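A.B. asks:
Numbering (the numbering used here), first residue to last: 19 to 305.
1) Using DSSP bridges, identify the partner residues of residue 139.
2) Given this structure, state the Cα-to-Cα distance separating residue 105 from residue 117, to the nearest angstrom.
3) At the level of alpha carbons, what is the spacing between residue 28 and residue 51?
4) Please list, in chain order, all residues of the same chain as residue 289 whose beta carbon is under 6 Å from its beta carbon, the five residues on each side excluded.
5) Can you name the residues that DSSP bridges to residue 229?
6) Kindly confirm or deny that the stretch 217-228 and the stretch 149-156 touch, where touching means at least three C-beta pairs closer than 8 Å.
7) Apply the 10 Å Cβ neighbour rule to residue 139 and answer buried if 16 or more other Cβ atoms are within range, or exposed otherwise.
8) I need the straight-line Cα distance from residue 180 to residue 145, nearest angstrom please.
9) Which residue comes first and which comes last in the beta strand (DSSP E) that contains residue 53?
10) Using alpha carbons as the reference points, say which of 235, 32, 170 and 168 lies closest to residue 55.
11) Check whether the stretch 248-267 touches the stretch 81-98, counting contact only when three or more Cβ pairs, one atom from each stretch, lie closer than 8 Å.
12) Just grab the DSSP bridge partners of residue 125 for me.
13) Buried or exposed, going by whether 16 or more other CB atoms sit within 10 Å of the CB of residue 234?
14) Rounded to whole angstroms, how far is the Cβ of residue 157 from the Cβ of residue 302, which I believe are closer than 8 Å?
15) In or out: residue 59 buried (at least 16 other Cβ within 10 Å) or exposed?
16) Quick check on the DSSP output: the beta strand (DSSP E) that includes residue 219 runs from which residue to which?
17) Just the C-alpha distance for residue 36 and residue 89, rounded to the nearest angstrom, thanks.
18) Let me check understanding here. Comparing Cα to Cα, which of 49, 77, 80 and 78 lies closest to residue 67?
19) When we look at the beta-carbon of residue 273 and count the other beta-carbons within 10 Å, is it buried (16 or more) or exposed?
20) Just verifying my parser: in three-state terms, what is the DSSP assignment at residue 174?
21) According to DSSP, is residue 194 helix, strand or coil?
22) From what residue to what residue does the beta strand (DSSP E) around residue 186 run?
23) Grab me the residues of residue 115's own chain with a C-beta within less than 6 Å of its C-beta, minus the 5 sequence neighbours each way, in chain order.
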């Protein structure tokens with residue numbers, strides 16, 4: 019069980035991840051490697067590791083039953099497993115054309131690469147989309163979508179109604195300072211809950227709320243009159259947010275995770291501030 023000393027050795031997880039890479043299940047391999055960092059990290063690590071193992075078991079069981087699953091759910095399981103879809107096949111699909119608000123940017127280090135998520139919301143449909151870019155050492159992440167702008171463009175979605183998409187043709191000039199519509203914390207919780215109910219293994223989901231940071235029992239939370247969510251992110255991002263808003267509610271795109279929400283952007287009266295997590299500048303550079 020979880021008391022096995024082998025779990026504390028990185029090689030235990032790395033060998034399993036390597037087998038998953040050989041099986042072309044890259045997303046599962048990344049989740050397994052992250053388990054190595056959870057073991058022994060903090061007093062509650064047993065619960066976190068057990069929960070992650072539960073998600074891995076759920077995806078693995080679903081992956082063995084793909085022919086019996088509804089089409090969109092089967093595609094979602096394949097995406098969660100990391101089974102690759104060729105870019106050419108994605109770009110050959112019917113585009114999702116809209117005026118896309120560039121709501122926020124979030125960078126994270128995964129193993130030996132930097133990953134950037136750009137969150138877009140359609141002005142006409144209200145649908146969300148996510149663009150991913152990757153950078154190994156001294157390579158560059160995609161910076162062609164400016165946070166706070168709006169772009170009339172084609173997006174080509176991955177199978178199964180996935181949030182992930184590839185950028186296609188642009189149809190006009192970029193519009194600056196275009197905030198996406200904001201809702202309440204309760205409305206954000208509703209949309210997040212619906213997404214998690216459809217895909218229990220979901221790790222991130224976007225929302226835009228008009229709220230303010232405050233403290234409850236010594237912890238920062240995102241709150242309004244309808245509810246509150248735990249806040250993640252750096253102290254610098256929080257300080258920038260507080261300084262720009264003067265403590266008043268403002269429109270803030272956030273990225274939900276099971277541990278809380280990370281603020282990505284602050285829409286002040288006269289400007290947009292990108293406060294999302296940034297890549298390590300010593301790792302990412304000119305290609």
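Heads up, the beta-carbon is just placed ideally off N, CA and C, and yes, glycines get one too.
All values reported here derive from a predicted model rather than from experimental measurement.
C.D. replies: Quick answer:
1) The residue labelled residue 139 in the question sits at position 121 within the chain shown. DSSP output for residue 139 lists 119 and 146 as bridge partner(s).
2) Here residue 105 corresponds to residue number 87 of the chain shown, with the count starting at 1. Here residue 117 corresponds to residue number 99 of the chain shown, with the count starting at 1. Taking the straight line from one Cα to the other gives about 23 Å.
3) Mapped onto the chain shown, residue 28 falls at position 10. Mapped onto the chain shown, residue 51 falls at position 33. Roughly 8 Å separates the two Cα atoms.
4) Here residue 289 is taken as the residue at index 271 of the chain shown, counted from 1. Nothing meets the Cβ criterion.
5) The sequence position of residue 229 within the chain shown is 211, counting from 1. Partner(s): 268.
6) no
7) Here residue 139 is taken as the residue at index 121 of the chain shown, counted from 1. Residue 139 comes out buried.
8) Here the question's residue 180 lines up with position 162 in the chain shown. Here the question's residue 145 lines up with position 127 in the chain shown. Near 11 Å, if we compare the C-alpha coordinates of residue 145 and residue 180.
9) By 1-based counting over the chain shown, the position of residue 53 is 35. Looking at the DSSP string, residue 53 is not in any beta strand (DSSP E); the run it does join, the alpha helix (DSSP H), is 44-56.
10) Here the question's residue 55 lines up with position 37 in the chain shown. Among 235, 32, 170 and 168, the Cα nearest to that of residue 55 belongs to 32.
11) no
12) Here residue 125 corresponds to residue number 107 of the chain shown, with the count starting at 1. Answer by DSSP bridge pairing, in chain order: 134.
13) In the chain shown, counting from the first residue as 1, residue 234 sits at position 216. The residue is exposed, with fewer than 16 neighbouring Cβ atoms inside 10 Å.
14) Counted from its first residue, the chain shown places residue 157 at position 139. Counted from its first residue, the chain shown places residue 302 at position 284. Their Cβ separation, rounded to whole angstroms, is 7 Å, which keeps residue 157 and residue 302 in contact under 8 Å.
15) Within the chain shown, residue 59 is the residue found at index 41, counting from 1. Result: exposed.
16) Counted from its first residue, the chain shown places residue 219 at position 201. From DSSP, residue 219 is part of no beta strand (DSSP E); its letter is neither H nor E.
17) On the chain shown, residue 36 is found 18 positions in, with the first residue counted as 1. On the chain shown, residue 89 is found 71 positions in, with the first residue counted as 1. Taking the straight line joining both Cα atoms gives about 29 Å.
18) The residue you call residue 67 lines up with position 49 of the chain shown. The candidate whose alpha carbon is nearest that of residue 67 is 49.
19) In the chain shown, the residue the question calls residue 273 occupies position 255. So residue 273 ends up on the buried side.
20) Here residue 174 refers to the residue found at position 156 of the chain shown. Correct three-state label for residue 174: strand.
21) What you label residue 194 is simply residue 176 of the chain shown in a count that begins at 1. Coil at residue 194, not helix or strand.
22) What you label residue 186 is simply residue 168 of the chain shown in a count that begins at 1. Its beta strand (DSSP E) spans residues 182-188.
23) By one-based count along the chain shown, residue 115 stands at place 97. Excluding positions up to five away in sequence, the list reads 172.
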